[in-house]
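Written below as structure tokens is the structure these notes are about.
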Amino acid sequence: MGDVVYRSEARIERVAGPLRRAFLPGEKEPVAFGVHGAIAEHYGRAPGTYDPHATTIDYVVAATAG
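Number 23 in full-length UniProt numbering belongs to position 23 of the sequence shown; there are no gaps in the numbering.
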């Protein structure tokens with residue numbers, strides 16, 4: 001096994017409900033994670049009761065496709 005060449009240092013902060021802030025390497029500002037559309041509906045969030053943001057799964061899909 002080779003030497004570890006990179007270790008990500010990320011921190012997640014829960015804001016309220018599904019809203020979280022991720023402090024990620026290479027980003028000057030925190031990244032907001034939350035819910036939107038069908039995902040918000042699945043979790044029982046009524047329209048207008050949350051500020052829509054990309055979900056963590058949106059980021060996983062984008063990272064995989066990239």
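Beta carbons: idealized from backbone N, C-alpha and C, even for Gly.
On the criterion of 16 or more Cβ atoms from any shown chain inside 10 Å, does residue 47 qualify as buried, or is it exposed? One-based indexing of the sequence shown puts residue 47 at position 47. Residue 47 comes out exposed.
Quick one: grab the DSSP three-state call for residue 67. The chain is shown only over 1 to 66; residue 67 falls outside these bounds and no answer can be derived.
Just the C-alpha distance for residue 33 and residue 1, rounded to the nearest angstrom, thanks. Here residue 33 refers to the residue found at position 33 of the sequence shown. Here residue 1 refers to the residue found at position 1 of the sequence shown. Between residue 33 and residue 1, the C-alpha separation is close to 35 Å.
Considering residue 31, what are the terminal residues of the beta strand (DSSP E) in which it resides? The residue given as residue 31 occupies position 31 in the sequence shown. Segment 31–33, the beta strand (DSSP E) holding residue 31.
If I measure Cβ to Cβ from residue 53 and keep anything under 8 Å in the same chain, skipping five residues before and after, which residues do I get? Numbered from 1 along the sequence shown, position 53 holds the residue referred to as residue 53. 19, 32, 33, 34, 35, 36, listed in sequence order.
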